[in-house]
Amino acid sequence: MDLFDIFQQYRIEKTRSEALSKAGEAKQRTISNEINISELEAKLDHLSLVCMAMSELFEEIGFSKAMLLKKIEEIDLRDGKLDGKIAPTNTCSSCNRIVAPRHVSCLYCGTKINKTNVF
Ligand SMILES: [Zn+2]
Numbered sequence: 186m187d188l189f190d191i192f193q194q195y196r197i198e199k200t201r202s203e204a205l206s207k208a209g210e211a212k213q214r215t216i217s218n219e220i221n222i223s224e225l226e227a228k229l230d231h232l233s234l235v236c237m238a239m240s241e242l243f244e245e246i247g248f249s250k251a252m253l254l255k256k257i258e259e260i261d262l263r264d265g266k267l268d269g270k271i272a273p274t275n276t277c278s279s280c281n282r283i284v285a286p287r288h289v290s291c292l293y294c295g296t297k298i299n300k301t302n303v304f
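Per the working numbering: the sequence shown = residues 186 to 304.
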């Protein structure tokens, strides 16, 4: 085996080692992503149950699905876009006004914003 062969063998081993390392990292990321997806699915299931319970309770006390859909659209439009998403906001515990998440206190009354969200 000449020097070139030794160098080539070294490069092959180094590349194989790096590939194995990358494969291990990719496998770990896959496992981590699967765990995150499972957690999100559990949260989604919980939120779906909460929404279904609220929807049925609202109907029992006289609110219709049409009223619920209208309210969903109204909330969706609060950020100016009807896109099925909500912009993160906080509500002032003192005056109940909506405050953008970048503010630490209410712009209207100065109350410190508690950033915990029920959902
Ligand atoms: Zn306020």
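All C-beta atoms in this analysis are idealised placements derived from N, C-alpha and C, irrespective of residue type, glycine included.
Here's the rule: buried if 16 or more other CB atoms are within 10 angstroms of the residue's CB, otherwise exposed. What is residue i?
i	result
C236	exposed
V289	exposed
C280	exposed
C277	buried
D221	The sequence as given places Asn at residue 221; Asp does not occur at that position. Exposed.
From the DSSP output, read off the bridge partner residues of residue i.
i	result
T276	I283
S290	K297
Under three-state DSSP, which class holds residue i?
i	result
D187	coil
> Whole alpha helix (DSSP H) runs in the stretch 232-271 with 4 or more residues, listed along the chain?
Replying inline: 250-261
>> Tell me which residues pass a beta-carbon proximity test against ligand 1: closer than 6 Å to any heavy atom, given in chain order.
In response: The answer, residue by residue, is C277, S279, C280, R282, C291, Y293, C294 and T296.
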